[in-house]
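Trainee:
There are 2 protein chains.
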Amino acid sequence: MLLCMCAHIKVIYSYFWPMAIIVQKFGGTSVADIDRIKHVATIVKRELDAGNQVAVVVSAMSGKTNELVGWAEAVSPLQSPESLKEYDSIVSSGEQVTSGLLALQLQSIGIKARSWLGWQVGLETSEIHGNARIENINATLLKESMASGEVAVIAGFQGVTPENRIATLGRGGSDTSAVALAAALEAERCDIYTDVDGIYTTDPRLVPKARKLRKVAYEEMLEMASLGAKVLQIRSVEMAMKHNVRVQVRSSFDDKDGSLLVSEEEAVERRLVTGVTYSRNEAQITVKNVPDIPGIAAKIFRPITAQEINVDMIVQNMSAASKHTDLTFTVPRADADRAVTAIESAKAEIVFGEVIVDKAVAKVSVVGVGMRSHAGLAQKMFETLAAKQINIIVITTSEIKVSVLIQEEYTELALRALHTAYELDAAPSVAS
Amino acid sequence: MLLCMCAHIKVIYSYFWPMAIIVQKFGGTSVADIDRIKHVATIVKRELDAGNQVAVVVSAMSGKTNELVGWAEAVSPLQSPESLKEYDSIVSSGEQVTSGLLALQLQSIGIKARSWLGWQVGLETSEIHGNARIENINATLLKESMASGEVAVIAGFQGVTPENRIATLGRGGSDTSAVALAAALEAERCDIYTDVDGIYTTDPRLVPKARKLRKVAYEEMLEMASLGAKVLQIRSVEMAMKHNVRVQVRSSFDDKDGSLLVSEEEAVERRLVTGVTYSRNEAQITVKNVPDIPGIAAKIFRPITAQEINVDMIVQNMSAASKHTDLTFTVPRADADRAVTAIESAKAEIVFGEVIVDKAVAKVSVVGVGMRSHAGLAQKMFETLAAKQINIIVITTSEIKVSVLIQEEYTELALRALHTAYELDAAPSVAS
Numbered sequence: 000m001l002l003c004m005c006a007h008i009k010v011i012y013s014y015f016w017p018m019a020i021i022v023q024k025f026g027g028t029s030v031a032d033i034d035r036i037k038h039v040a041t042i043v044k045r046e047l048d049a050g051n052q053v054a055v056v057v058s059a060m061s062g063k064t065n066e067l068v069g070w071a072e073a074v075s076p077l078q079s080p081e082s083l084k085e086y087d088s089i090v091s092s093g094e095q096v097t098s099g100l101l102a103l104q105l106q107s108i109g110i111k112a113r114s115w116l117g118w119q120v121g122l123e124t125s126e127i128h129g130n131a132r133i134e135n136i137n138a139t140l141l142k143e144s145m146a147s148g149e150v151a152v153i154a155g156f157q158g159v160t161p162e163n164r165i166a167t168l169g170r171g172g173s174d175t176s177a178v179a180l181a182a183a184l185e186a187e188r189c190d191i192y193t194d195v196d197g198i199y200t201t202d203p204r205l206v207p208k209a210r211k212l213r214k215v216a217y218e219e220m221l222e223m224a225s226l227g228a229k230v231l232q233i234r235s236v237e238m239a240m241k242h243n244v245r246v247q248v249r250s251s252f253d254d255k256d257g258s259l260l261v262s263e264e265e266a267v268e269r270r271l272v273t274g275v276t277y278s279r280n281e282a283q284i285t286v287k288n289v290p291d292i293p294g295i296a297a298k299i300f301r302p303i304t305a306q307e308i309n310v311d312m313i314v315q316n317m318s319a320a321s322k323h324t325d326l327t328f329t330v331p332r333a334d335a336d337r338a339v340t341a342i343e344s345a346k347a348e349i350v351f352g353e354v355i356v357d358k359a360v361a362k363v364s365v366v367g368v369g370m371r372s373h374a375g376l377a378q379k380m381f382e383t384l385a386a387k388q389i390n391i392i393v394i395t396t397s398e399i400k401v402s403v404l405i406q407e408e409y410t411e412l413a414l415r416a417l418h419t420a421y422e423l424d425a426a427p428s429v430a431s
Numbered sequence: 000m001l002l003c004m005c006a007h008i009k010v011i012y013s014y015f016w017p018m019a020i021i022v023q024k025f026g027g028t029s030v031a032d033i034d035r036i037k038h039v040a041t042i043v044k045r046e047l048d049a050g051n052q053v054a055v056v057v058s059a060m061s062g063k064t065n066e067l068v069g070w071a072e073a074v075s076p077l078q079s080p081e082s083l084k085e086y087d088s089i090v091s092s093g094e095q096v097t098s099g100l101l102a103l104q105l106q107s108i109g110i111k112a113r114s115w116l117g118w119q120v121g122l123e124t125s126e127i128h129g130n131a132r133i134e135n136i137n138a139t140l141l142k143e144s145m146a147s148g149e150v151a152v153i154a155g156f157q158g159v160t161p162e163n164r165i166a167t168l169g170r171g172g173s174d175t176s177a178v179a180l181a182a183a184l185e186a187e188r189c190d191i192y193t194d195v196d197g198i199y200t201t202d203p204r205l206v207p208k209a210r211k212l213r214k215v216a217y218e219e220m221l222e223m224a225s226l227g228a229k230v231l232q233i234r235s236v237e238m239a240m241k242h243n244v245r246v247q248v249r250s251s252f253d254d255k256d257g258s259l260l261v262s263e264e265e266a267v268e269r270r271l272v273t274g275v276t277y278s279r280n281e282a283q284i285t286v287k288n289v290p291d292i293p294g295i296a297a298k299i300f301r302p303i304t305a306q307e308i309n310v311d312m313i314v315q316n317m318s319a320a321s322k323h324t325d326l327t328f329t330v331p332r333a334d335a336d337r338a339v340t341a342i343e344s345a346k347a348e349i350v351f352g353e354v355i356v357d358k359a360v361a362k363v364s365v366v367g368v369g370m371r372s373h374a375g376l377a378q379k380m381f382e383t384l385a386a387k388q389i390n391i392i393v394i395t396t397s398e399i400k401v402s403v404l405i406q407e408e409y410t411e412l413a414l415r416a417l418h419t420a421y422e423l424d425a426a427p428s429v430a431s
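The listed protein sequences derive, respectively, from chains A and B. Counted the way numbering that gives the first Met the number 0 counts, the first sequence spans residues 0 to 431. Counted the way numbering that gives the first Met the number 0 counts, the second sequence spans residues 0 to 431.
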């Protein structure tokens, strides 16, 4: 009898051992209600039926986190470290509910499954409550459970601090949970299921010819933050890049293939430019007639930085004749008024003519790892915009990106022109 | 400097050390929304201002647990042990939210406070998920925190199993959490704040002359389950009795004194009967014409017990002449039809005439520790009911209780008559 048992165990092991591990992450709209949760269970089952071990990371039902945050804000300004500990305990409850419900639903359709909360799954974080970083994942128990054939349903967005308090990873943190777990489990792939079906060459709502990308390099994704932020938390992309986790973005609402985030080597698809992005979250500030002397930029930015406002694009105008110049830069639109107030309050020290704010500007960027090796790609951008009579206010570049600031009303025109110029347009006869 | 620090620490200790510990528990209606939670914080503050250390146990916002249970039931029949583990993780999230919110609100009015979940506070339970028992409370960290001047806000209803899973204590389990913590903390008193202002001699909705009791013995409270169930979970009363915890039931909606549960010695207030209770949750089943032979009762109850239906009052009618008798008993009204089906299905084995069900019955009980020492108290009950022409169907007695089954339509009449007969009526001129 004992021998018989051992033989049985061996069979189980040989069956489960060589399976690939897939991590799946479902966002708030994918688990928005009981029907959606039931649908998610069928997606999990499909991956199991394909012969894989599956770990699932879930967000809270859409709207739930906002409700919890609203309650917390109703009783506290949430500024002290102690208050953020309570905030974390409150808001993490949303994922606790969905992880339990999905585990229940999986059990109901005959699949072995259990939920794991941050403190149960050994997801250890820093003590920066409200925006903690993952320090370590002690996945021993998780691996054992999965090796025994159990689907792991993990509450996203949460971990536990050395003090044994719940910490959350910041908004969108479930993506980071999923990628970190995929790294810890050495997963074959991390599938991020969301309400869009992939990463596009540009915003399909503005550019009808936008095309879904099959593969995107991590570096490109980071530069495409303004597109990606709607799809993936930036920190999760950084983590995927660091640990070389293959991340697939796809929709839980249809069966279409998604987009795969991979290393630069794997991403190359004979293209120079990967996408064209835009951001309307910009305001341009011009400080007129400042003395053109060393250290003046530092003087102007000091009061702004003191307000924790990020300065993005900067240009200092030429001033050959006079000893004065104009300094133009951008800040997030929501911070523009505070930035002006900060500069005005330092007027005695800086000395300047006037401060002009323009909130009707947009930043348009062309992104692609191909820029590393191909000169002339920036030039094509300038020429394309010039041909459409679009004035460029400021230019900034990085290794794989060129950004320009333009008047906001030209955003769609600029995007469409650039999309065509860089040969990104979808072939008209092929469905995206 | 170091010496100075030490002196400071000594002062703190001498200040906090001799304080009494009060445990306060707030039910779902007391934390139903942000305004109620803010009000609860003022009640906590009042106890602190009186010079006490305070631990607070909270339920979920009223309605929240039902919502969570509804979701769990929508995806699972909740019958397997694995599914009940998920159920517990889901439903315990309600108390997680309120404990965090109350801690935040206390911090906002300048009171040091932190929340504790079951797994953080060392509340260890059995592995009977959905209805776990508290096995142990490792309160070392909790005591340290409270000694440092921090109010402990503890999520009720939940603990952690040896397997590191969340377990809940069954409906109303927050009362048990509070009493168990009061025992572990050797608290001076455990105040259960609810939406009624105390324990009454009978249901004030049916008997206008009902009077609030100042003190009630644990044993009496257990017997008054049908009244008490609306106020206190029975298991919490058992635990209070076992550990001799003084429990006060009072309202969070007004400042009136509540009722105190104490030991029998402390409870005596020169009264023989403490209360008159009733239950409409009864159905009477009569099995006619069964053979009057040894073992027949066992035969009839076997199929009912197999259905896990509780049989309460039993009477076997006399049968001097014939060799047949009638057996009458009560079961919970909701189980009556299943009980009849169970008996009918065993008809071949039992042999009987017919089964008659009457759901229009009520159980009325007179409770008091004075019954131990005073004969004639039961006789007064029978005479009082007879004077009102109320027929008694079945009688059962315990050491401190006499119960009778009557036709349901006489419930109010019986309660009022007994309340007067046992001299429980409130003096007309005194407000309750």
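All C-beta atoms, glycine included, are put in the ideal place defined by N, C-alpha and C. Source: prediction; values computed, not measured.
In whole angstroms, what separates the C-alpha of R234 (chain A) from that of T124 (chain A)?
Mentor: Numbered from its first residue, the first sequence carries residue 234 (chain A) at position 235. Numbered from its first residue, the first sequence carries residue 124 (chain A) at position 125. Answer to the nearest angstrom: the Cα atoms are 14 Å apart.
Trainee: What residue range is occupied by the uninterrupted alpha helix (DSSP H) comprising K24 (chain B)?
Mentor: Position 25 of the second sequence holds residue 24 (chain B). Note, K24 (chain B): premise wrong, no alpha helix (DSSP H); beta strand (DSSP E) at 20–25.
Trainee: I think D256 (chain A) touches R245 (chain A), with their Cβ atoms under 8 Å apart; what is that distance to the nearest whole Å?
Mentor: By 1-based counting over the first sequence, the position of residue 256 (chain A) is 257. By 1-based counting over the first sequence, the position of residue 245 (chain A) is 246. Incorrect: roughly 14 Å between the Cβ atoms, too far for contact.
Trainee: Classify F80 (chain B): buried if its beta carbon has 16 or more other beta carbons within 10 angstroms, exposed otherwise.
Mentor: Along the second sequence, one-based indexing puts residue 80 (chain B) at 81. Per the sequence shown, residue 80 (chain B) should be read as Pro rather than Phe. Exposed, since its Cβ has fewer than 16 Cβ neighbours within 10 Å.
Trainee: Compare the beta carbon distance of D194 (chain B) and G50 (chain B) with 8 Å and say whether it is the shorter of the two.
Mentor: Walking along the second sequence from the start, residue 194 (chain B) turns up at place 195. Walking along the second sequence from the start, residue 50 (chain B) turns up at place 51. Contact flag unset, no.
Trainee: With burial defined as no fewer than 16 other Cβ atoms inside 10 Å of the residue's Cβ, what is the status of H128 (chain A): buried or exposed?
Mentor: The residue given as residue 128 (chain A) occupies position 129 in the first sequence. Its Cβ being crowded by 16 or more others within 10 Å, H128 (chain A) is buried.
Trainee: Please return the same chain residues whose Cβ sits closer than 6 Å to the Cβ of A216 (chain B), not counting the five positions on each side in sequence.
Mentor: Locating residue 216 (chain B) in the second sequence gives position 217, counting from the first residue. Around A216 (chain B): E263, A266, V368.
Trainee: Can you tell which of B:A420, B:A338, B:E162, B:H323 has the C-alpha that lies nearest to the C-alpha of W118 (chain B)?
Mentor: Taking the second sequence and counting its residues from 1, one reaches residue 118 (chain B) at position 119. If we check each option's Cα against that of W118 (chain B), B:E162 comes out closest.
Trainee: Hey, would you say A131 (chain A) sits closer than 8 Å to A177 (chain A), going by beta carbons?
Mentor: To locate residue 131 (chain A), count along the first sequence from 1; it is residue 132. To locate residue 177 (chain A), count along the first sequence from 1; it is residue 178. Against a cut-off of 8 Å, the Cβ pair of A177 (chain A) and A131 (chain A) comes out as no contact.
Trainee: Is I303 (chain A) helix, strand or coil by DSSP?
Mentor: Taking the first sequence and counting its residues from 1, the one referred to as residue 303 (chain A) is at position 304. Helix at I303 (chain A).
Trainee: Near V10 (chain B), which residues of its chain fall below 8 Å by C-beta distance, leaving aside the five closest residues on each side in sequence?
Mentor: Counting from one through the second sequence, the residue named residue 10 (chain B) turns up at place 11. Note that V10 (chain B) scores 43 on pLDDT, short of 50, meaning its location in the model is unreliable; the coordinates nonetheless yield the value given after this. Result list for V10 (chain B): empty, nothing under 8 Å.
Trainee: By a C-beta neighbour count over all protein chains shown, 10 Å radius and 16 as the cutoff for buried, is A102 (chain B) buried or exposed?
Mentor: Translated into positions along the second sequence, residue 102 (chain B) becomes position 103. A102 (chain B) should be labelled buried.
Trainee: If you measure from the beta carbon of G172 (chain B) to each beta carbon in chain A, is any gap under 8 Å?
Mentor: As a position in the second sequence, residue 172 (chain B) is number 173, starting the count at 1. No - not a single Cβ of chain A is within 8 Å of the one on G172 (chain B).
Trainee: So is G274 (chain B) in contact with chain D if we call contact Cβ pairs under 8 Å?
Mentor: In summary, chain D is missing from the structure at hand, where the protein chains are A and B.
Trainee: Output the distance between the C-alpha atoms of I198 (chain B) and E382 (chain B), rounded to the nearest integer angstrom.
Mentor: Taking the second sequence and counting its residues from 1, the one referred to as residue 198 (chain B) is at position 199. Taking the second sequence and counting its residues from 1, the one referred to as residue 382 (chain B) is at position 383. Looking at the two C-alpha atoms, the distance is approximately 27 Å.
Trainee: Provide the residue span of the beta strand (DSSP E) that contains V393 (chain B), from first to last.
Mentor: Position 394 of the second sequence holds residue 393 (chain B). 393–397 is the span of the beta strand (DSSP E), which, as asked, contains V393 (chain B).
Trainee: Strictly below 9 Å CB to CB, what residues from chain B border S82 (chain A)?
Mentor: In the first sequence, residue 82 (chain A) corresponds to position 83, counting from 1. The contacting residues are A102, L103, Q106, S107.
Trainee: Quick check on Y217 (chain A): does DSSP put it in helix, strand or coil?
Mentor: Reading the first sequence from its first residue, position 218 is the one you call residue 217 (chain A). Residue state, collapsed to three classes: helix.
Trainee: Given L184 (chain A), which residues of its chain have a CB within under 8 Å of its CB, disregarding the five upstream and five downstream residues?
Mentor: The residue you call residue 184 (chain A) lines up with position 185 of the first sequence. I20, V22, A54, A138, L141, K142, M145, listed in sequence order.
Trainee: Any Cβ of chain B within less than 8 Å of the Cβ of G99 (chain A)?
Mentor: Sequence index remark: in the first sequence, residue 99 (chain A) carries index 100 (1-based). By this cut-off, G99 (chain A) is an interface position.
Trainee: In angstroms with no decimal places, state the Cα-to-Cα distance between Q179 (chain A) and A239 (chain A).
Mentor: Translated into the one-based positions of the first sequence, residue 179 (chain A) becomes position 180. Translated into the one-based positions of the first sequence, residue 239 (chain A) becomes position 240. Going by the sequence as given, residue 179 (chain A) is Ala instead of Gln. Rounded to whole angstroms, A179 (chain A) to A239 (chain A) spans 8 Å at the Cα level.
Trainee: Indicate whether Y421 (chain A) and V206 (chain A) have their beta-carbon atoms separated by less than 8 Å.
Mentor: Counting from one through the first sequence, the residue named residue 421 (chain A) turns up at place 422. Counting from one through the first sequence, the residue named residue 206 (chain A) turns up at place 207. Not a contact, by the Cβ cut-off of 8 Å.
Trainee: Using CA coordinates, which residue listed in B:G158, B:A73, B:K287 is at the minimum distance from D32 (chain A)?
Mentor: By 1-based counting over the first sequence, the position of residue 32 (chain A) is 33. Looking at the Cα atoms, B:A73 is the closest of the given residues.
Trainee: Find the nearest neighbour of S91 (chain B) within the set B:K298, B:G155, B:V403, judged by alpha-carbon distance.
Mentor: To locate residue 91 (chain B), count along the second sequence from 1; it is residue 92. Answer by Cα proximity: B:G155.
Trainee: Cβ of G158 (chain A) within 8 Å of Cβ of L122 (chain A)?
Mentor: Within the first sequence, the letter at position 159 stands for residue 158 (chain A). Within the first sequence, the letter at position 123 stands for residue 122 (chain A). Closer than 8 Å, so yes.
Trainee: Taking the Cβ atom as the reference point for each residue, do Q95 (chain A) and S88 (chain B) lie within a distance shorter than 8 Å?
Mentor: Here residue 95 (chain A) refers to the residue found at position 96 of the first sequence. Here residue 88 (chain B) refers to the residue found at position 89 of the second sequence. Against a cut-off of 8 Å, the Cβ pair of S88 (chain B) and Q95 (chain A) comes out as a contact.
Trainee: Helix, strand or coil: which one does DSSP assign to P80 (chain A)?
Mentor: Here residue 80 (chain A) refers to the residue found at position 81 of the first sequence. P80 (chain A): helix per DSSP, three-state reduction.
Trainee: Using 8 Å as the limit for Cβ to Cβ distance, is R301 (chain B) near chain A?
Mentor: Here residue 301 (chain B) refers to the residue found at position 302 of the second sequence. With 8 Å as the cut-off, R301 (chain B) does not count as an interface residue toward chain A.
Trainee: By a C-beta neighbour count over all protein chains shown, 10 Å radius and 16 as the cutoff for buried, is E281 (chain B) buried or exposed?
Mentor: In the second sequence, the residue the question calls residue 281 (chain B) occupies position 282. Buried, since its Cβ has 16 or more Cβ neighbours within 10 Å.
Trainee: When the cut-off is 8 Å and only beta carbons count, does I33 (chain A) lie next to chain B?
Mentor: Counting from 1 along the first sequence, the entry for residue 33 (chain A) is found at position 34. By this cut-off, I33 (chain A) is an interface position.
Trainee: So, is P293 (chain A) buried or exposed, given that buried needs 16 or more other C-beta atoms within 10 angstroms?
Mentor: As a working mapping, residue 293 (chain A) is identified with position 294 in the first sequence. Flag for P293 (chain A) reads exposed.
Trainee: Mapping DSSP to helix, strand and coil, what is N65 (chain A)?
Mentor: Numbered from its first residue, the first sequence carries residue 65 (chain A) at position 66. In this structure, N65 (chain A) counts as helix in the three-state DSSP scheme.
Trainee: With DSSP run on the structure shown, which of helix, strand or coil describes M0 (chain B)?
Mentor: In the second sequence, residue 0 (chain B) corresponds to position 1, counting from 1. Any reading at M0 (chain B) is ruled out, since the residue's pLDDT is 35, under 50, leaving its predicted position unreliable.
Trainee: Compare the beta carbon distance of I308 (chain B) and V330 (chain B) with 8 Å and say whether it is the shorter of the two.
Mentor: Taking the first residue of the second sequence as position 1, residue 308 (chain B) is located at position 309. Taking the first residue of the second sequence as position 1, residue 330 (chain B) is located at position 331. The answer is yes: Cβ separation under 8 Å.
Trainee: Run through DSSP, which three-state label would D256 (chain A) get?
Mentor: The sequence position of residue 256 (chain A) within the first sequence is 257, counting from 1. D256 (chain A): coil per DSSP, three-state reduction.
Trainee: Check whether the Cβ atoms of H418 (chain A) and T201 (chain A) lie closer than 8 Å to each other.
Mentor: As a first step, residue 418 (chain A) must be located in the first sequence, where it is residue number 419. As a first step, residue 201 (chain A) must be located in the first sequence, where it is residue number 202. Contact flag set, yes.
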